[in-house]
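Right, one structure below, let's go through it.
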Amino acid sequence: MGENGKVSDAQQETAGPDGARPGADTPAPKPVLTPAQAKRANSTVVGMVMAVAATVAIVVPVVLINPTHTAETYQRDIDVERVAGQAAGDAGYAPAAPELPEDWNSNFARWTAGTSDGVDYWEVGYLTPDKGFIQFTQTVEGNPSWTAQQAGEAQVSGGRTIGGVEWELLDASNGDTVLTSEVDGSTLILSGEADLAEFDVLAKAVLADVEPAPPAAGAP
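At position 220 of the sequence shown the residue is numbered 220 (the UniProt record's numbering), and the sequence of numbers has no breaks.
Put into C-alpha cells, the structure is as follows:
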C-alpha cells in the first residue's frame, strides 16, 4: 500500500528460495559438447600439431646443412687439409689447403662437381681474426665467364702484388672485395669482407700450397 492507502505502482520482487532475486548474477549455462563434437575438436588439434611438427622436421635440417658465410653466426673449425686430401681423388690434383695462423678458422671446405657450366672447383670459407670472412676458390678448369660469375660480376678497381704474384682487385656491388689470379694452371679467387691485410695473409698461404695443375688431357 502507498502512503495514501492506494496500491503502489511499483511491484515488489519476490526473492527465490535461496534469498536471491531472480536474474541477479545468475551464472550462464556451460556448453556441453557431444562425443562426436569432442572427437572432431581433438582431431583438429592433433592435425595442427602434426602439421607444425612436419614443418619443423623439414626446415631444421635445411638450416643446419647450409653454412652461413658470416663470422658472427657460424663458428666452426674444419680440418681443411683432411677434406682437401679426400677431394684430391675426384679433383685429379691436390686442392690447396693453406697453412694459416691459429687465430684463423674455417667454417666449410668442399669439392663441388657436376655443375651446369662444367667447371668443378674447390672452395673453403675462412673466418679471420678480425671477424671478417674470406672465401677461397680454386679450379683448373676456369674461364673468364666462370671467373666473372664467381666474382659476382664485380668491377675491376686495380691490381695488387701479393707473394710476388699479380692479383686483379675487384669491388663487388654488395661491398665485398675480390682478388683473382692465375697460378700454375689454377684459377684462384678470394672474395669476402675483410681488411686487405687479411686478404694478403690468406693469398700468401694459398700461393705457398698451390701445386702445378696436371697437364690437360691429350697434352704431350
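Cβ atoms here follow ideal geometry from the backbone N, Cα and C, with glycine treated the same way.
Check: How many Å lie between Val-119 and Val-52 at the Cα?
Finding: 40 Å
Next item on the list: Could you check if Ala-205 is buried or exposed, using at least 16 other CB atoms within 10 Å of its CB as the buried criterion?
Entry: buried
Next item on the list: Assign Gly-5 to one of two classes, buried (16 or more other C-beta atoms within 10 Å of its C-beta) or exposed (fewer than that).
Entry: Its pLDDT being 48, under 50, Gly-5 is placed unreliably by the model, and the measurement read from it follows with that caveat. Exposed, since its Cβ has fewer than 16 Cβ neighbours within 10 Å.
Next item on the list: Could you say which of Ile-134, Ala-96, Ala-88, Ala-87 lies nearest to Asp-200 if we only look at CA atoms?
Entry: Ile-134
Next item on the list: For the segment 77-122, list the beta strand (DSSP E) runs that are entirely contained and at least 3 residues long, ordered along the chain.
Entry: 105-112
Next item on the list: Note down, in chain order, each residue of its chain lying with its Cβ closer than 8 Å to the Cβ of Asp-176, except the 5 sequence neighbours on either side.
Entry: Gly-152, Ala-154, Ser-191, Gly-192, Glu-193
Item checked: Test item: CB-CB of Arg-110 and Glu-99 under 8 Å -> no
Next item on the list: Helix, strand or coil for Ala-203, going by three-state DSSP, please let me know.
Entry: helix
Checklist line | Three-state class that DSSP yields for Asp-209 in the structure shown | finding: helix
Note to self: Given this structure, state the Cα-to-Cα distance separating Asp-171 from Ala-54, to the nearest angstrom.
What the structure shows: 43 Å
Notebook entry, point to check: What separation, rounded to the nearest whole angstrom, lies between the Cα atoms of Thr-112 and Tyr-121?
Noted result: 5 Å
Notebook entry, point to check: Do you know how far the Cα of Leu-196 is from the Cα of Gln-149?
Noted result: 22 Å
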